[in-house]
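Colleague:
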Amino acid sequence: MNEQDLYESIGQVDDDVLLRSDKKRRSSRPWWAAAAAAVLAAAIAVGTFFPGGPASTTAYAVAEASYPEMAPYPNEMDADFEAQYDAWRTDKRAQDRDPAYADGLEGYFRASIPTFLRGAGTENRAYSPLNVYMALAMLAELTGGESRDQILTLLGHGSIETLRAQANDLWNDHYSNDGATNSILAGSLWLEDGVPFNQNTLNTLAQNYYASSFRGDLDSPAMTEALQSWINDQTGGLLADQVQNLKLSPDAILALVTTVYYQAKWSSRFSEENTAPQTFHSPVGDVTKDFMHTSFDGHYYWGDQFGVAGLSLANGGGTMWFLLPDEGVSPEDLLADPEAMDFLLSGGGWDQEKYLIVNLALPKFDISSQIDLGEGLQALGVTDVFDPDRADFSPMLSGSAEDLWLSEAKHGVRVAIDEEGVTAAAYTEMAMSGAGAPPEDEIDFTLDRPFLFALTDTQGLPLFVGVVNQP
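According to the numbering used here, the sequence shown is numbered sequentially starting from 78.
(1) Buried or exposed for aspartate 466, please, with buried defined as at least 16 other CB atoms from any protein chain shown within 10 angstroms of its CB.
(2) Roughly how far, in whole angstroms, is the beta-carbon of aspartate 521 from the beta-carbon of asparagine 436, given that I think they are within contact range, below 8 Å?
(3) Report the residue from Ala456, Pro415, Glu452 and Arg526 whose alpha carbon sits nearest the alpha carbon of glutamine 547.
(4) Quick check: what's the CA-CA separation for glutamate 218 versus serine 289?
(5) Rounded to a whole number of angstroms, what is the C-alpha to C-alpha distance between glutamate 146 and serine 445?
(6) Below 8 Å on the Cβ atoms is my guess for glutamine 355 versus phenylalanine 368; work out the distance and round it to an integer in Å.
(7) Do the segment 483 to 498 and the segment 446 to 466 touch if we need at least three Cβ pairs shorter than 8 Å?
(8) Would you check if there are 3 or more beta carbon pairs closer than 8 Å linking the segment 155 to 172 to the segment 248 to 256?
(9) Could you give the DSSP three-state label for valine 459: helix, strand or coil?
(10) I'd like the list of long-range same chain contacts for asparagine 280, defined as Cβ closer than 8 Å, with 5 residues on each side in sequence excluded.
(11) Report, in whole angstroms, the separation of the C-beta atoms of methionine 397 and leucine 532, which I expect to be a contact under 8 Å.
(12) Quick check on asparagine 309: buried or exposed, where buried means 16 or more other Cβ atoms within 10 Å of its Cβ?
(13) What residues in its chain sit with their C-beta under 7 Å from that of arginine 195, if we drop five residues either side in the sequence?
(14) For the candidate residues Gly375, Gly235 and Lys366, whose alpha-carbon lies nearest to that of glycine 387?
(15) Assuming phenylalanine 347 contacts glutamate 496 under a Cβ cut-off of 8 Å, what Cβ separation, rounded to an integer in Å, is found between them?
(16) Under DSSP, the alpha helix (DSSP H) around histidine 251 begins and ends at which residues?
(17) Tell me leucine 266's beta-bridge partners as DSSP assigns them.
(18) Label phenylalanine 158 either buried or exposed according to how many other C-beta atoms from any shown protein chain fall within 10 Å of its C-beta, with 16 as the threshold for buried.
(19) Since aspartate 173 and aspartate 294 should fall inside the 8 Å C-beta cutoff, what is the C-beta to C-beta distance between them, to a whole number of angstroms?
(20) In this structure, how does DSSP classify proline 145 when only helix, strand and coil are distinguished?
(21) Pop quiz: valine 490 and serine 205 are said to be a contact at Cβ under 8 Å. What is the actual Cβ separation, rounded to whole angstroms?
(22) Tell whether a beta-carbon distance below 8 Å holds between phenylalanine 442 and alanine 203.
(23) Using only alpha-carbon positions, find the residue among Tyr144, Pro191 and Ala148 that is nearest to aspartate 419.
(24) Compute the Euclidean distance between the alpha carbons of glycine 458 and asparagine 277, then round it to the nearest angstrom.
(25) Closest by CA to leucine 454, which one among Asp246, His234 and Tyr210?
(26) Give me the Cα-Cα distance between serine 471 and aspartate 246, rounded to the nearest whole angstrom.
(27) Report the rounded CA-to-CA distance for histidine 358 versus glycine 498, giving the unit in angstroms.
(28) Just the Cα atoms here: how many angstroms apart are methionine 473 and leucine 262?
(29) Who are isoleucine 448's beta bridge partners in DSSP?
(30) Which of the three DSSP states, helix, strand or coil, is assigned to proline 360?
(31) Can you check whether the CB of aspartate 469 is closer than 8 Å to the CB of glycine 222?
(32) Identify, in the order they occur along the chain, each residue of the same chain with its Cβ nearer than 8 Å to the Cβ of alanine 353, setting aside the five sequence neighbours on each side.
(33) At the level of alpha carbons, what is the spacing between glycine 184 and leucine 231?
(34) DSSP three-state label for methionine 369, please.
(35) What is the C-beta distance between threonine 199 and proline 360, in whole angstroms, given that I count them as a contact (C-beta under 8 Å)?
(36) Assuming leucine 282 contacts glycine 264 under a Cβ cut-off of 8 Å, what Cβ separation, rounded to an integer in Å, is found between them?
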């Protein structure tokens, strides 16, 4: 797929992603008491983009994040390669965190992945657990009381301090800006002039979430241009087509915008010469798709209802796993199967595995989906932020925060694979107003019917998971 296709797939970022007021409810309340909004966008792509610094737009800044410095990955043909490599390796190691920081996340993953992937029917569906995690962690910083406690419970924490530390470790452990594997999470808060914000909260977002905050007339052309420039800087222009149409609503008092930039290729690319048409048995009928083919010596895994093969991404970019249900078993069945979830969260540490020759046939796919997170989050116990009478956003605003609530929460994802690697994009919008054991030493692993996939990082944390019913 090309960049233009990716641009057009993500969807327009428009007035609905802004924090706005409910005019019917605020007649006797402060002018800024409103339903809130947060937009969290993730862009993951194969390419050669370089995002800018944490905030290239400083004219309106009231709190700015500072990103770690990182030496570029050196060209092996350079005469001083060894010195450059040492500098690169030093900076990479500086970002490493004790893997124990991820302890406690399993419950959130185990609860949320089936919740947001189930019910796809014959359609495709995808979800980014880490994107939603970061959204919820930042939302916890803006809330208090029971509103915050419910988020902490879902994310497996007893205090905002432990959540804050984990989110900071997660940000740093995933940060890479070396030109080979790029992974950058960026955040920003945009406030209307006159909003009585809490500076301590803004400083906390900058120091722990690397999120910058800006203040001005959100309805002005200058502020619109500043916001567009910030997003383009963070995503290397990847979302330029969407950003050019972004304009804050006249009713907006706050906009929370986050981006995720990611770049990686397969460790061993597919040969285009081996790509050929083949039949995929979708729930709505057989279709002919281009299948990529490769053979490799590697691990094959299995459970009672599925088989699994994985492909590694270059330069420590993680692994993409493909779970093929047995004949007569659907992806929906696997989402209800504790063993399948155990594998997704195992990071490849699985007893039922065998090292053999895997002849992989994988359809090139380009899937997209949009999920309304509201019902699922409430089912997972995060309820008060959606209730105007119970939501508590007092840590964000220094004045009264009555009737500030989360009015909607949406999550959109697109994932595509080809011979080069993985291209994906996702956003989370929160508006506040088969197989079995192999019999031999070689197996044909053909994904020609609906399957699950998971893109995990080097620690096995799921960046993206999805159901492919129609590649």
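For each residue, glycine too, the CB sits at the ideal point set by N, CA and C. In this text the structure is predicted, and so the values were computed from the model without any measurement.
Modeller: Considering the structure as presented:
(1) exposed
(2) 5 Å
(3) Closest by C-alpha distance to glutamine 547, out of Ala456, Pro415, Glu452 and Arg526, is Arg526.
(4) 14 Å
(5) 34 Å
(6) 4 Å
(7) yes
(8) yes
(9) coil
(10) Result list for asparagine 280: Ala140, in chain order.
(11) 5 Å
(12) buried
(13) Cβ neighbours of arginine 195 beyond the five flanking positions: Glu409 and Leu412.
(14) Gly375
(15) That belief holds up - the Cβ atoms of phenylalanine 347 and glutamate 496 are roughly 4 Å apart, short of 8 Å.
(16) For histidine 251, the enclosing alpha helix (DSSP H) stretches over residues 237 to 251.
(17) Ser290 and Leu333
(18) By the 16-neighbour rule on beta-carbons within 10 angstroms, phenylalanine 158 is exposed.
(19) With 8 Å as the limit, aspartate 173 and aspartate 294 do not qualify as a contact, their Cβ atoms being about 43 Å apart.
(20) coil
(21) The C-beta distance from valine 490 to serine 205 rounds to 6 Å, short enough to fall under 8 Å.
(22) no
(23) The shortest CA-to-CA distance from aspartate 419 to any of Tyr144, Pro191 and Ala148 is the one to Pro191.
(24) 28 Å
(25) Out of Asp246, His234 and Tyr210, Tyr210 has the C-alpha closest to the C-alpha of leucine 454.
(26) 26 Å
(27) 24 Å
(28) 21 Å
(29) His488
(30) Note: proline 360 maps to coil in three-state DSSP.
(31) yes
(32) For alanine 353, same chain residues with a beta-carbon under 8 Å away, outside a window of 5 residues either side, are Asp367, Phe368 and His370 in chain order.
(33) 8 Å
(34) strand
(35) About 4 Å separates the CB atoms of threonine 199 and proline 360; that is less than 8 Å, so the two are in contact.
(36) 7 Å
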